[in-house]
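To start, the structure itself, in structure tokens.
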Amino acid sequence: MSKFNINCEIDSTSIKIKENQNIVQPISIIECHNDHRIVMSIAPLCMKVDSIKFDDKEVVNKSYPKFWEDFDRLSKNNN
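Mapping the sequence shown onto the numbering used here, position 51 (from 1) lands on 51, and the numbers just tick up by one.
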């Protein structure tokens, strides 16, 4: 989250994102480490910045092959 300038409180059971933050466009590519959960959890930030570059955005196919199709449809409904 630091790549987006987002401050969080992390404990053993949760991550709390503080309100009213200036979310910034990340300069570097987000490394997924072959973990679909990373991509899926960060994807909603696409609605707050111009774009997000993942090193392997297709990693979501292992659990949710239509993730990006559904995400695009939902994000268009939010605009």
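C-beta atoms are modelled at their ideal positions from N, C-alpha and C, and glycine is treated no differently.
Rounded C-alpha distance that separates residue i from residue j
| i | j | result |
| --- | --- | --- |
| Ile52 | Ile10 | 23 angstroms |
| Pro65 | Phe54 | 16 angstroms |
| Trp68 | Ser12 | 30 angstroms |
| Ile6 | Ser28 | 15 angstroms |
| Gln25 | Asn34 | 22 angstroms |
Close Cβ partners of residue i (< 6 angstroms) along its chain, the five nearest in sequence each way excluded
| i | result |
| --- | --- |
| His36 | Val59, Val60, Lys62 and Ser63 |
| Cys46 | Ile52 |
Backbone secondary structure at residue i - three-state DSSP
| i | result |
| --- | --- |
| Lys18 | coil |
| Glu31 | coil |
Strand pairing of residue i, partner residues [DSSP]
| i | result |
| --- | --- |
| Phe54 | Ile30 |
| Cys8 | Ile17 |
Close beta carbons around residue i, own chain, < 7 angstroms, minus the five adjacent residues each side
| i | result |
| --- | --- |
| Asn22 | Asn5 |
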